[in-house]
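Going by my numbering, the residue at position 135 of the sequence shown is 120; the numbering climbs one at a time, nothing skipped.
Data first, discussion second: the structure below is written as structure tokens.
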Amino acid sequence: MIGLLKSLGVTLKRMLGKPVTVQYPQQHITLSKRNLGFPVLLWDDKINEPACTGCQVCMRYCPTECMTVTMKDNPLAKEGKSTRKKIVDVFDIKMERCILCGICVEVCNFDAILMSDYHEEGDISRGGLIAKREDLFRMGRDFQKRAGIVVGSASDKKEEEA
Ligand code: SF4
Ligand code: SF4
-14 MIGLLKSLGV
-4 TLKRMLGKPV
6 TVQYPQQHIT
16 LSKRNLGFPV
26 LLWDDKINEP
36 ACTGCQVCMR
46 YCPTECMTVT
56 MKDNPLAKEG
66 KSTRKKIVDV
76 FDIKMERCIL
86 CGICVEVCNF
96 DAILMSDYHE
106 EGDISRGGLI
116 AKREDLFRMG
126 RDFQKRAGIV
136 VGSASDKKEE
146 EA
């Protein structure tokens, strides 16, 4: 009997308390700044080109095989404006298969990909859940701006210290 009253008390408390859920997508919960979201591609503002060379290392290490990456010759390298001889051509991530493990970020030798705080890229079709190169740059550039991330600053610093 006491147990029943106690559980009824919990139910009443919850009924009268403030809801912890919201009507999504009309309403959004403010998440922690440290919230882990999707991987995004970074943009090299110094040269105004992608930081990704399309080397496919991330694709090979991705445990869920959710990435498709190809490269092409970099026209800016031919003009002598970039040291990247190759540049990313196709870069797709099947977001519904990404487990946010961060391995792609760990293995990238060019600091070209980063885990962001993006998490709302839902769609009702499977095709709509594929983040294309342009989507990954859109999210990446916005994330870079908000987080103050400059591509190459870490390697520049290492060179200065050497
Ligand atoms: S994100 Fe990094 S590892 Fe992946 S293809 Fe681009 S440069 Fe290579
Ligand atoms: S976070 Fe993990 S699962 Fe997602 S794309 Fe990167 S390596 Fe693949």
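For each residue, glycine too, the CB sits at the ideal point set by N, CA and C.
Every value quoted in this text rests on a predicted model; they were computed, and no experiment measured them.
Residues L27, W28, D29, D30, K31, A36, D96, A97, Q129 of the same chain have their beta carbon placed closer than 8 angstroms to that of V136, with the five preceding and five following residues left out of the count.
A heavy atom of ligand 2 is found nearer than 7 angstroms to the CB of T49. Residue side-chain check: G39 places its Cβ nearer than 7 angstroms to a non-hydrogen atom of ligand 1. For D127, the enclosing alpha helix (DSSP H) starts and ends at 118 to 132. According to the DSSP assignment, K63 belongs to no beta strand (DSSP E) but to the alpha helix (DSSP H) extending over 60 to 63.
Here the region 50 to 58 makes contact with the region 76 to 91; the two share three or more CB pairs at distances below 8 angstroms. Uninterrupted beta strand (DSSP E) stretches at least 3 residues long and entirely within the region 51 to 97 occur at 52 to 58, 71 to 79, given in chain order. With 16 or more other Cβ atoms inside 10 Å of its own Cβ, Y103 counts as buried. Taking 8 angstroms as the cut-off, the Cβ atoms of L99 and V42 do not count as close. Approximately 15 angstroms separates the beta-carbon atoms of E81 and L121; this is outside 8 angstroms, ruling out the contact.
Residue pairing of M100 in beta bridges, as defined by DSSP: P24.
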